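A.B. asks: Sharing a structure here in structure tokens format.
Chains as they are written, first to last, in this note's numbering: chain A, 211 to 366; chain L, -4 to 395.
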């Protein structure tokens, strides 16, 4: 340590303890609502295609980010390729994880974008960039219309 | 380059700045849309009205109030794609409730400096995401040592301010309630309005007490919504329209954060901000030279308070103008012809749509059913925020 603070216990000083007590309910939006309904009810993957430039967004959006045109929904397979991956070995309290988690950026077929998600049913040493993967969904009865309805992507 | 030297104010303006388009979503609880989607709807509308596409836009300014509403830290970055800012110089500005006029002031810097010829300004607020109530977010704006332990909220301090204003100027609640009556009725002609209604002074005085003297109908509602304006350099404006509306002056000022040390009866922050904007716009007698105004009206007394800060009425006399109908839409000095925050709604930053955008529409004679009766040349928009300490003012005119 390079500093010599004499007071190490903050509570020795006159102080007030405070918490910010707020919570939020985030709605998934017009495009998100369609996307998650299709995922939950039908196990389908929706993307959206710009009616002007043809750029395809996943997850879908109602507008094209670059030319502000409207988009139309299309169905995609949900399969893709690993573009980058990272292996998390510590949890958020810096405790070693019993089973390290593999996070990957996945380039989805027939879209112009990627998403980040977990990889599963694969050994760390077997993962490579460019690896083909496909999504594994929760059983229909457990799905809630959230991104976590996709459990992970596995090699295909 | 125009170099203006006005006593006490020096500024170098590379080019004149015009507003050539505006957009506004409906204001209400918009549970279905995300903040990004709301931003997109407003921005698209402003682009369409100006006859521009997003590819014509050089830079984007986003205005949005506390991150605590949307519940996303770094909300500016979160809203980027919906506001057309991707791959462009983009910045978010935030001065609480003052943001609705501060964001277009930032847009003005972009164009007046010559850095951008076309600047899109988008303001967004989605308050409904925040629980237990959007007001809860305001519990955390206070000094954590001196004030927060007393559990103040915003209604509470506005009640203090309202009472001080009433006491010093000897004004009755009836006089103040007339503002709510006027603005909610004006809002009947606004397609975005959330709380348009025909009400009476008695309705206001008998409405639910919140923190006395403030009652339910003295207050604007929390809302979700977005608004946008297109700000362009004069050579672009000439190509797009015969009726540009020029930004002739901007001003902003903050009073001390030690709010209990201010005398709450008069908004000095607004007076200072107006002084700056009027100097720039060469306005010496605002009561005579301003034809229409949109002072910030989250509470009914605030419209009067701010009119006095803006020099549109003498101290303690704004309510007389209201009572005499001078501030009505067909009066000599129409105030909040949009319906204001009291009638249209109060999605904090997005109120740019009923302040700056409304004055733009009025001066371009595009306000439709809300168009004021008199001939208009010069108008002002004003907002107020932070710890009730910032005044933000913009002077607009259809003449340069």
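For glycine and all other residues, C-beta sits at the position ideal for the given N, C-alpha and C.
All values reported here derive from a predicted model rather than from experimental measurement.
Okay, do the segment 116 to 129 of chain L and the segment 326 to 337 of chain L touch, 3+ Cβ pairs below 8 Å being the bar?
C.D. replies: The segment 116 to 129 of chain L is not in contact with the segment 326 to 337 of chain L.
A.B. asks: For residue 313 of chain A, decide whether its Cβ has a neighbour in chain L, counting only Cβ atoms nearer than 8 Å.
C.D. replies: As a first step, residue 313 of chain A is located in the first chain; it is residue number 103 there, counting from the start. False, the Cβ-Cβ gap to chain L never drops below 8 Å.
A.B. asks: Please state whether the Cβ-Cβ distance between residue 102 of chain L and residue 114 of chain L is less than 8 Å.
C.D. replies: Numbered from 1 along the second chain, position 107 holds the residue referred to as residue 102 of chain L. Numbered from 1 along the second chain, position 119 holds the residue referred to as residue 114 of chain L. Going by C-beta atoms, residue 102 of chain L is nearer than 8 Å to residue 114 of chain L.
A.B. asks: With a threshold of 16 other CB atoms inside 10 Å of the CB of residue 78 of chain L, please say whether the residue is buried or exposed.
C.D. replies: As a first step, residue 78 of chain L must be located in the second chain, where it is residue number 83. With 16 or more Cβ atoms within 10 Å of its Cβ, residue 78 of chain L is classed as buried.
A.B. asks: Please go through the same chain and pick out, in chain order, the residues whose beta-carbon is closer than 7 Å to the beta-carbon of residue 319 of chain A, but skip the five residues on each side of it.
C.D. replies: To locate residue 319 of chain A, count along the first chain from 1; it is residue 109. Correct list, in chain order: 286, 287, 289, 290.
A.B. asks: Under 9 Å between beta-carbons, which chain D residues line up against residue 66 of chain L? List them in chain order, please.
C.D. replies: In the structure shown, chain D cannot be found, because the protein chains are A and L.
A.B. asks: Start and end of the alpha helix (DSSP H) containing residue 151 of chain L?
C.D. replies: One-based indexing of the second chain puts residue 151 of chain L at position 156. Taken as a continuous stretch (DSSP letters only), the alpha helix (DSSP H) holding residue 151 of chain L covers 149 to 164.
A.B. asks: By the DSSP assignment, the alpha helix (DSSP H) with residue 100 of chain L in it spans what residues?
C.D. replies: Counting from one through the second chain, the residue named residue 100 of chain L turns up at place 105. Start and end: 94 to 107.
A.B. asks: Does DSSP put residue 27 of chain L in a helix, a strand or coil?
C.D. replies: Against the second chain, residue 27 of chain L aligns to sequence position 32. Residue 27 of chain L falls in the coil class under three-state DSSP.
A.B. asks: What does the alpha-carbon distance come out to for the pair residue 293 of chain A and residue 364 of chain A?
C.D. replies: Translated into positions along the first chain, residue 293 of chain A becomes position 83. Translated into positions along the first chain, residue 364 of chain A becomes position 154. If I take the Cα positions, the gap works out to 14 Å.
A.B. asks: DSSP state of residue 65 of chain L, grouped into three classes?
C.D. replies: Here residue 65 of chain L corresponds to residue number 70 of the second chain, with the count starting at 1. In this structure, residue 65 of chain L counts as helix in the three-state DSSP scheme.
A.B. asks: Check each residue of the segment 272 to 285 of chain A: if its Cβ is closer than 8 Å to any Cβ of chain L, include it; give the result in chain order.
C.D. replies: Per Cβ criterion, the list reads 272, 273, 275, 276, 277, 278.
A.B. asks: How about the segment 271 to 287 of chain L and the segment 306 to 315 of chain L: do they share at least three Cβ pairs that are nearer than 8 Å?
C.D. replies: These segments touch.
A.B. asks: According to the Cβ coordinates, are residue 292 of chain L and residue 298 of chain L closer than 8 Å?
C.D. replies: By one-based count along the second chain, residue 292 of chain L stands at place 297. By one-based count along the second chain, residue 298 of chain L stands at place 303. Yes, they are a contact pair.
A.B. asks: Applying the criterion that 16 or more other CB atoms from any shown protein chain within 10 Å of the CB defines a buried residue, is residue 366 of chain A buried or exposed?
C.D. replies: As a first step, residue 366 of chain A must be located in the first chain, where it is residue number 156. Under this definition residue 366 of chain A is an exposed residue.
A.B. asks: Would you tell me roughly how many angstroms separate the C-alpha atoms of residue 366 of chain L and residue 332 of chain L, rounded to the nearest one?
C.D. replies: By 1-based counting over the second chain, the position of residue 366 of chain L is 371. By 1-based counting over the second chain, the position of residue 332 of chain L is 337. Distance between the alpha carbons of residue 366 of chain L and residue 332 of chain L: 8 Å.
A.B. asks: How big is the Cα-Cα spacing for residue 232 of chain A and residue 136 of chain L?
C.D. replies: For the purposes of this step, residue 232 of chain A is identified with residue 22 of the first chain, where counting begins at 1. For the purposes of this step, residue 136 of chain L is identified with residue 141 of the second chain, where counting begins at 1. Residue 232 of chain A and residue 136 of chain L: Cα-Cα distance of roughly 13 Å.
A.B. asks: Would residue 300 of chain A pass as a contact of residue 312 of chain A if the rule is Cβ separation under 8 Å?
C.D. replies: Stepping through the first chain from its first residue, residue 300 of chain A is reached at position 90. Stepping through the first chain from its first residue, residue 312 of chain A is reached at position 102. No, these two residues do not count as a Cβ contact at 8 Å.
A.B. asks: Taking the beta carbon of residue 230 of chain L as the centre, do at least 16 other beta carbons fall within 10 Å, making it buried, or is it exposed?
C.D. replies: Counted from its first residue, the second chain places residue 230 of chain L at position 235. So residue 230 of chain L ends up on the exposed side.
A.B. asks: Look at the Cβ atom of residue 58 of chain L, then the Cβ atom of residue 381 of chain L, and state whether they are nearer than 8 Å.
C.D. replies: Counted from its first residue, the second chain places residue 58 of chain L at position 63. Counted from its first residue, the second chain places residue 381 of chain L at position 386. Cβ atoms of residue 58 of chain L and residue 381 of chain L: not closer than 8 Å.
A.B. asks: When you check each C-beta in the segment 14 to 34 of chain L against every C-beta of chain A, which residues fall closer than 8 Å?
C.D. replies: Residues 26, 27, 28, 29, 31, 32.
A.B. asks: Distance, Cα to Cα, residue 270 of chain L vs residue 116 of chain L?
C.D. replies: Residue numbering aside, residue 270 of chain L sits at position 275 when the second chain is read from its first letter. Residue numbering aside, residue 116 of chain L sits at position 121 when the second chain is read from its first letter. Cα to Cα, the separation comes out at about 24 Å.
A.B. asks: CA-CA distance, residue 81 of chain L and residue 358 of chain A?
C.D. replies: Counted from its first residue, the second chain places residue 81 of chain L at position 86. Counted from its first residue, the first chain places residue 358 of chain A at position 148. Cα-Cα distance, rounded: 27 Å.
A.B. asks: Alpha carbon to alpha carbon, how far is residue 168 of chain L from residue 260 of chain L?
C.D. replies: What you label residue 168 of chain L is simply residue 173 of the second chain in a count that begins at 1. What you label residue 260 of chain L is simply residue 265 of the second chain in a count that begins at 1. Residue 168 of chain L and residue 260 of chain L: Cα-Cα distance of roughly 15 Å.
A.B. asks: Taking the alpha carbon of residue 150 of chain L as the reference point, which residue from L/24, L/210, L/350 has its own alpha carbon closest?
C.D. replies: Within the second chain, the letter at position 155 stands for residue 150 of chain L. The shortest Cα separation from residue 150 of chain L among L/24, L/210, L/350 belongs to L/210.
A.B. asks: Under a three-way DSSP split, which group does residue 213 of chain L fall into?
C.D. replies: Against the second chain, residue 213 of chain L aligns to sequence position 218. It is helical.
A.B. asks: Please determine, among L/355, L/274, L/189, the residue with the shortest C-alpha to C-alpha distance to residue 337 of chain L.
C.D. replies: Mapped onto the second chain, residue 337 of chain L falls at position 342. Checking every option, the nearest Cα to that of residue 337 of chain L belongs to L/189.
A.B. asks: Count the other C-beta atoms from every protein chain shown that fall within 10 angstroms of the C-beta of residue 112 of chain L, then say buried if there are 16 or more, exposed otherwise.
C.D. replies: Stepping through the second chain from its first residue, residue 112 of chain L is reached at position 117. Classification of residue 112 of chain L: buried, given that the 10 Å Cβ count is 16 or more.
A.B. asks: Hey, out of L/176, L/206, L/215, whose CA is closest to residue 197 of chain L's CA?
C.D. replies: Numbered from its first residue, the second chain carries residue 197 of chain L at position 202. Ranking the options by Cα distance to residue 197 of chain L, first place goes to L/176.
A.B. asks: Tell me the DSSP secondary structure of residue 305 of chain L in three-state form.
C.D. replies: Against the second chain, residue 305 of chain L aligns to sequence position 310. Residue 305 of chain L: coil per DSSP, three-state reduction.
A.B. asks: So is residue 240 of chain A in contact with chain L if we call contact Cβ pairs under 8 Å?
C.D. replies: Within the first chain, numbered from 1, the residue matching residue 240 of chain A stands at position 30. Chain L, which has a Cβ nearer than 8 Å to the Cβ of residue 240 of chain A, makes this yes.
A.B. asks: Examine chain L for any beta-carbon lying closer than 8 Å to the beta-carbon of residue 288 of chain A, and answer yes or no.
C.D. replies: To locate residue 288 of chain A, count along the first chain from 1; it is residue 78. Cβ-Cβ to chain L under 8 Å: no for residue 288 of chain A.
A.B. asks: Between the alpha carbons of residue 276 of chain A and residue 20 of chain L, how many angstroms are there, rounded?
C.D. replies: Within the first chain, the letter at position 66 stands for residue 276 of chain A. Within the second chain, the letter at position 25 stands for residue 20 of chain L. Taking the straight line joining both Cα atoms gives about 21 Å.
A.B. asks: Cβ atoms of residue 325 of chain A and residue 339 of chain A: under 8 Å apart, would you say?
C.D. replies: Looking up residue 339 of chain A in the first chain gives position 129. Looking up residue 325 of chain A in the first chain gives position 115. No, they are not a contact pair.
A.B. asks: My assumption, with CB atoms under 8 Å, is that residue 339 of chain L sits in contact with residue 349 of chain L. Please give the rounded CB distance.
C.D. replies: As a first step, residue 339 of chain L must be located in the second chain, where it is residue number 344. As a first step, residue 349 of chain L must be located in the second chain, where it is residue number 354. Indeed, because the Cβ distance is near 5 Å, the residues count as touching under 8 Å.
A.B. asks: For the beta strand (DSSP E) holding residue 204 of chain L, just list the boundary residues, first then last.
C.D. replies: Numbered from its first residue, the second chain carries residue 204 of chain L at position 209. Where residue 204 of chain L is concerned, the enclosing beta strand (DSSP E) stretches over 204 to 206.
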